[in-house]
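Engineer:
Number of protein chains: 2
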Amino acid sequence: MSRTLHLALHPYGVGGPAQHGLWKDPRIAKNISTDIRYYIRQAQAAEHGLFDALFTADSQFVSAGFPSHYLNRLEPLTMLSAVATHTRHLGLVATASSTYNSPFNLARRFASLDHISGGRAGWNVVTGVDSGTSRNFGLDEHLDYTTRYSRALECVEVARGLWDSYEDGAFPADVERDIFLDPSKLHQLNHEGEHFKVAGPLNISRSPQGQPVIFQAGVSEEGRDLAARVAEGIYAPGDTSLEQAQEYYADVKRRAASYGRDPEHIKIFVHGDPVVAATDEAALRREREIFEEDHDFDRSLALLGRSFGAYDFSTHDLDAPFPDVAHLAEKGGRTGAVKLIARAKAQNLTLRQVVETVSELRRSPFVGAPQTVADAIERWFDAKAFDGIVLAFRVEDELNLFVDGVVPILQKRGLFRTEYTADTLRGNLGLPVPANRWTTGT
Amino acid sequence: MSRTLHLALHPYGVGGPAQHGLWKDPRIAKNISTDIRYYIRQAQAAEHGLFDALFTADSQFVSAGFPSHYLNRLEPLTMLSAVATHTRHLGLVATASSTYNSPFNLARRFASLDHISGGRAGWNVVTGVDSGTSRNFGLDEHLDYTTRYSRALECVEVARGLWDSYEDGAFPADVERDIFLDPSKLHQLNHEGEHFKVAGPLNISRSPQGQPVIFQAGVSEEGRDLAARVAEGIYAPGDTSLEQAQEYYADVKRRAASYGRDPEHIKIFVHGDPVVAATDEAALRREREIFEEDHDFDRSLALLGRSFGAYDFSTHDLDAPFPDVAHLAEKGGRTGAVKLIARAKAQNLTLRQVVETVSELRRSPFVGAPQTVADAIERWFDAKAFDGIVLAFRVEDELNLFVDGVVPILQKRGLFRTEYTADTLRGNLGLPVPANRWTTGT
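Chains as they are written, first to last, in full-length UniProt numbering: chain A, 1 to 442; chain B, 1 to 442.
1. Helix, strand or coil, according to DSSP, for W123 (chain B) in the structure here?
2. Leaving out five residues before and five after R417 (chain B) in sequence, what residues of the same chain have Cβ atoms less than 6 Å from its Cβ?
3. For the segment 74 to 97 of chain A, which residues have a CB atom closer than 8 Å to at least one CB atom of chain B, in sequence order?
4. Using a Cβ-Cβ distance cut-off of 8 Å, determine whether D345 (chain B) contacts chain A.
5. Is there a Cβ from chain A that is less than 8 Å from the Cβ of G200 (chain B)?
6. How is A94 (chain B) classed by DSSP in three states: helix, strand or coil?
7. When we look at the beta-carbon of F308 (chain B) and count the other beta-carbons within 10 Å, is it buried (16 or more) or exposed?
8. Under a CB-based cut-off of 8 Å, is S307 (chain B) close to chain A?
9. Could you check what DSSP says for G132 (chain A) in three-state terms: helix, strand or coil?
10. Determine the direct distance from the alpha carbon of D296 (chain A) to that of R177 (chain B), and round the result to whole angstroms.
11. Run down chain E in chain order and give the residues with a C-beta less than 7 Å from the C-beta of K30 (chain A).
12. Which value, in whole angstroms, describes the spacing of the CA atoms of S98 (chain B) and V158 (chain B)?
13. How about Q188 (chain A): is its C-beta nearer than 8 Å to some C-beta of chain B?
14. Expressed to the nearest angstrom, what Euclidean distance is found between the alpha-carbon atoms of L425 (chain A) and T56 (chain B)?
15. In three-state DSSP terms, what is K30 (chain B)?
16. Is it buried or exposed for L139 (chain A), if we count other Cβ within 10 angstroms and need 16 for buried?
17. N348 (chain A): buried (16+ other C-beta within 10 angstroms of its C-beta) or exposed?
18. Give me the Cβ distance between V338 (chain A) and A346 (chain A), rounded to the nearest whole Å; I'm assuming they're in contact under 8 Å.
19. Give a yes or no on whether 8 Å exceeds the smallest Cβ distance from N124 (chain A) to chain B.
20. Taking 8 Å as the CB-CB limit, is Q60 (chain A) close to chain B?
21. Taking the alpha carbon of P364 (chain B) as the point to measure from, which residue in B:L415, B:V270, B:E419 has its own alpha carbon closest?
22. For T4 (chain B), tell me which candidate among B:L431, B:E141, B:R352 has the shortest Cα-Cα distance.
23. Would A199 (chain B) and L189 (chain B) qualify as a contact pair, given that the criterion is a beta-carbon distance under 8 Å?
24. Chain B beta carbons: is any one of them nearer than 8 Å to that of I179 (chain A)?
25. Whether or not the segment 384 to 394 of chain A and the segment 270 to 283 of chain A are in contact is what I'm after, with contact meaning three or more pairs of Cβ atoms, one per stretch, closer than 8 Å; do they touch?
26. Quick one: grab the DSSP three-state call for S150 (chain B).
27. Establish whether the CB of W23 (chain B) and some CB of chain A are separated by less than 8 Å.
28. Shortest alpha-carbon distance to D239 (chain A) belongs to which of A:N436, A:R88, A:V403, A:F366?
29. Apart from the five residues just before and just after P263 (chain A), which ones in its own chain have a Cβ nearer than 7 Å to its Cβ?
30. In whole angstroms, what separates the C-alpha of Y39 (chain B) from that of M79 (chain A)?
31. Whose C-alpha, out of B:H20, B:L9, B:G13, is nearest the C-alpha of R299 (chain B)?
32. Based on the DSSP output, what are the partners of I214 (chain B) in its beta bridges?
33. DSSP three-state call for H327 (chain B): helix, strand or coil?
34. Could you please give the first and the last residue of the uninterrupted alpha helix (DSSP H) stretch that includes G388 (chain B)?
35. Assign R362 (chain A) to buried or exposed, taking buried as 16 or more other Cβ atoms, counted over all protein chains shown, within 10 Å of its Cβ.
36. State the start and end residues of the unbroken beta strand (DSSP E) segment that holds V433 (chain B).
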């Protein structure tokens, strides 16, 4: 079977971590992040472009002192439920943390979204990089990295168990035999694990996809392992070289196979911020303009702390060598922290230089005229750097430029669908419907 | 100011506790409880009838052994978010438990619904009558009654604190002064109480209603106290006499006043299952038909246990005196349990007789031709038995009969609105927008 390219849209809104200055763009309404009509428009544009899914990031935390990331946003599951009834084919992937949610509530809400959307729900399982989140949930300290990942694995296992509570045909609704529910097709989970004790059954029937699609975003050792075990989709960071992306792709597929899974059943997306314009030159100009709009040293310094458990680097001398903060890496996003420390050490960088390196213009491979961007996508896709891209655009006009300019080229080359062939996210991603654990062949 | 009648719709679906046999009605699709189109249709019909709100009950539990209540339903907040974009004026009230949810997640999701709906969200705070719920959330035993109520009060206080995180005007988005968020208008809550420790701030701005409307359903001493302290709407059970309803109404309003609140700012709804038909006679026939459809001794016996911590009464001799189960009342819905025990003792009833009494036909005051039903509503409303009714109908035709037959009579008598005068739930209920605790007069 030939591989097919998948595309998802990540609607940025304003006030988020990756587009600091976006709110200043005169084309942007300042309150779009809480305006459901914005998300419905984005979703409909993505569906017009035959995208696989709308993808939403999330955090359950905003810093009172430096509230620059995931500030003032609609909660993903309520937002996507509203979007669901205004779309027909588009997958709806919500990020939700397994650290500060209970598996029963998560399983129920994603099953509900899957019913509401007719089989288009996906759950991007994260463990939470923002250490301050713990203080919104009664804990002084963020759970450590290892605990968070072991909890994530068990949380997905519990959710999947709950999603199997009802076998297909559990509701015969047979008036003559007076049977609404067939009790032999209803199963209690009775899970007792290290982190969770959940009896079940779930109070909502098996949803159109059997189970919502599981996404994961891990890049660390633990993250790759979790992804290979349970993920059906991966949302990998986009700021890597082609070679690094290939390494990640091959590694995760290999790990999945080592767990007895078909590597085809784990679709790897990378994040991409394409900049498309009429000419390559105009696109490069726009890329520089975006960089200038977002560039802010103080903000980069504050965001640096995010990878180290919300550590406040501003107390350090900017021109002294990068401080010894290795012990803080466990508290936040360990991979990013470890990478930064290694680079600072190898290149003997000061704190100021580390901040400047982090915030320097990263050349996206997807900048240029439509033809140029399509070429780059084809090259990376053919090189097995990804199965798909999660695309983010600054303004709706730029999303439309991609849909109307790049998509037709990808279609002509046979890389991308020319019509939806399925109404479910599983169907469009080429993922099988999981068998219900209780159903034995007849 | 003259009082105004309020109406809400409680869409039953099938498989719920109060309409056991409804799924057998040939006019009902068997899967309506998970079909978002059913809820959207119900909401639009309610809005066509100028109702104040759609009201959804909830439970986070279904019994594997006797799965007869709140079986297989969409989760309320995802469901109402989807309904929101298909309505413009109708309030959207979701039941959610303060026992098995965290206040940060609840506050965030209701604020999100309030943004999505443009100011129409309400939260019906319950503590959970189904003792088995605890086993879906890691606890062997359901929290006892007193703990649940003290937790509920604190949970609402935390949510309200989080909803005040951002003052009005917190987002000036002033390009010239380079200020997206004004940090002086963002506040941390730093709550530390008996049950919760929540730092905040919330990661979503103050919503169109300032705060979503708080509903409560308590009838016990603790419930009435909680309602009088924090509720802006009450959802009281409907199976009472006019005198009992008047006592409840006067008592809750008096208690609210004793807490320094304006009794007008707490709207008391009772549950009603009206049966409307062309003639009184036809309505009475239909009422009897519904009773026959729902009547089932074994099911009533099982449901009886719900008030006693899911106690299994089937192990007792049906014809012996009602067993001594007073010690179990703490585990479930205490008020109902205490009432049952008192009645059994006073009348010296057997277990069978208690079950039969519980499941006998209760004469709703709202059965008859449109004129008869309108008369009864007027009588109860004028007698201060309620400010509004939460109406439930078996099938959509019967909802339409009420909207087209009874509502115009209520309108002619000046009891009910002839058009929406507000786009928010607070506006339609005549409730003020709460002042933000951080905002001082200018």
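For glycine and all other residues, C-beta sits at the position ideal for the given N, C-alpha and C.
Structural biologist: Taking the coordinates as given:
1. Reading the second sequence from its first residue, position 123 is the one you call residue 123 (chain B). Assignment of W123 (chain B) by DSSP, reduced to helix, strand and coil, places it in the strand class.
2. Position 417 of the second sequence, counted from the start, is the residue given in the question as residue 417 (chain B). Excluding positions up to five away in sequence, the list reads L50.
3. Of all residues in the segment 74 to 97 of chain A, L74, E75, L77, T78, M79, S81, A82, A84, T85, H86 have a Cβ within less than 8 Å of some Cβ in chain B.
4. One-based indexing of the second sequence puts residue 345 (chain B) at position 345. The displayed chain sequence assigns Lys, not Asp, to residue 345 (chain B). Chain A, which has no Cβ nearer than 8 Å to the Cβ of K345 (chain B), makes this no.
5. Looking up residue 200 (chain B) in the second sequence gives position 200. Judged by the 8 Å Cβ criterion, G200 (chain B) is in contact with chain A.
6. Position 94 of the second sequence, counted from the start, is the residue given in the question as residue 94 (chain B). Assignment of A94 (chain B) by DSSP, reduced to helix, strand and coil, places it in the strand class.
7. If you number the second sequence from 1, residue 308 (chain B) lands on position 308. Here F308 (chain B) is buried: its Cβ has 16 or more other Cβ atoms, across all protein chains shown, within 10 Å.
8. Walking along the second sequence from the start, residue 307 (chain B) turns up at place 307. Look at S307 (chain B): its C-beta is not under 8 Å from any C-beta on chain A.
9. Taking the first sequence and counting its residues from 1, the one referred to as residue 132 (chain A) is at position 132. Of the three classes helix, strand and coil, the one that applies to G132 (chain A) here is helix, per DSSP.
10. The sequence position of residue 177 (chain B) within the second sequence is 177, counting from 1. The sequence position of residue 296 (chain A) within the first sequence is 296, counting from 1. Linking R177 (chain B) to D296 (chain A) through their CA atoms gives a straight-line distance of about 15 Å.
11. No chain E is present in this structure, whose protein chains are A and B.
12. Translated into the one-based positions of the second sequence, residue 98 (chain B) becomes position 98. Translated into the one-based positions of the second sequence, residue 158 (chain B) becomes position 158. C-alpha separation (whole angstroms): 11 Å.
13. Residue numbering aside, residue 188 (chain A) sits at position 188 when the first sequence is read from its first letter. Judged by the 8 Å Cβ criterion, Q188 (chain A) is in contact with chain B.
14. Counting from 1 along the first sequence, the entry for residue 425 (chain A) is found at position 425. Counting from 1 along the second sequence, the entry for residue 56 (chain B) is found at position 56. L425 (chain A) and T56 (chain B): Cα-Cα distance of roughly 29 Å.
15. In the second sequence, counting from the first residue as 1, residue 30 (chain B) sits at position 30. Assigned with DSSP and collapsed to three states, K30 (chain B) falls in coil, not helix or strand.
16. To locate residue 139 (chain A), count along the first sequence from 1; it is residue 139. L139 (chain A) sits exposed, since fewer than 16 C-beta atoms from the chains shown fall within 10 Å of its C-beta.
17. Against the first sequence, residue 348 (chain A) aligns to sequence position 348. Exposed: under 16 other Cβ atoms inside 10 Å.
18. Taking the first residue of the first sequence as position 1, residue 338 (chain A) is located at position 338. Taking the first residue of the first sequence as position 1, residue 346 (chain A) is located at position 346. Not really, about 12 Å apart at Cβ, beyond 8 Å.
19. Your numbering for residue 124 (chain A) matches position 124 in the first sequence. Contact with chain B is absent for N124 (chain A), since none of that chain's Cβ atoms lies less than 8 Å from the residue's Cβ.
20. In the first sequence, the residue the question calls residue 60 (chain A) occupies position 60. Judged by the 8 Å Cβ criterion, Q60 (chain A) is in contact with chain B.
21. Taking the second sequence and counting its residues from 1, one reaches residue 364 (chain B) at position 364. Going by the sequence as given, residue 364 (chain B) is Ser instead of Pro. Comparing Cα positions, the closest option is B:V270.
22. As a position in the second sequence, residue 4 (chain B) is number 4, starting the count at 1. Taking each of B:L431, B:E141, B:R352 in turn and checking the Cα distance to T4 (chain B), the smallest one comes out for B:L431.
23. Taking the second sequence and counting its residues from 1, the one referred to as residue 199 (chain B) is at position 199. Taking the second sequence and counting its residues from 1, the one referred to as residue 189 (chain B) is at position 189. For A199 (chain B) and L189 (chain B), yes; Cβs fall inside 8 Å.
24. As a working note, residue 179 (chain A) is residue 179 in the first sequence. No, I179 (chain A) does not count as interfacial toward chain B.
25. These segments touch.
26. Within the second sequence, the letter at position 150 stands for residue 150 (chain B). DSSP places S150 (chain B) in helix when its eight states are reduced to three.
27. Numbered from its first residue, the second sequence carries residue 23 (chain B) at position 23. Taking a beta-carbon distance threshold of 8 Å, W23 (chain B) counts as an interface residue toward chain A.
28. Indexing the first sequence from 1 puts residue 239 (chain A) at position 239. Residue A:F366 is the option with its Cα nearest to D239 (chain A).
29. Numbered from its first residue, the first sequence carries residue 263 (chain A) at position 263. Same-chain partners within the cutoff: K253, A256, A257.
30. Start at 1 with the first residue of the second sequence, and residue 39 (chain B) comes out as number 39. Start at 1 with the first residue of the first sequence, and residue 79 (chain A) comes out as number 79. Computed Cα separation, rounded: 17 Å.
31. By 1-based counting over the second sequence, the position of residue 299 (chain B) is 299. Measuring from the Cα of R299 (chain B), the nearest candidate turns out to be B:H20.
32. The residue given as residue 214 (chain B) occupies position 214 in the second sequence. Note: I214 (chain B) sits in a beta bridge opposite B:W123.
33. Your numbering for residue 327 (chain B) matches position 327 in the second sequence. Note: H327 (chain B) maps to helix in three-state DSSP.
34. Sequence index remark: in the second sequence, residue 388 (chain B) carries index 388 (1-based). Run containing G388 (chain B): none in the alpha helix (DSSP H); it sits in the beta strand (DSSP E), 388 to 391.
35. In the first sequence, the residue the question calls residue 362 (chain A) occupies position 362. R362 (chain A) should be labelled exposed.
36. Position 433 of the second sequence holds residue 433 (chain B). Taken as a continuous stretch (DSSP letters only), V433 (chain B) belongs to no beta strand (DSSP E), as it is neither H nor E.
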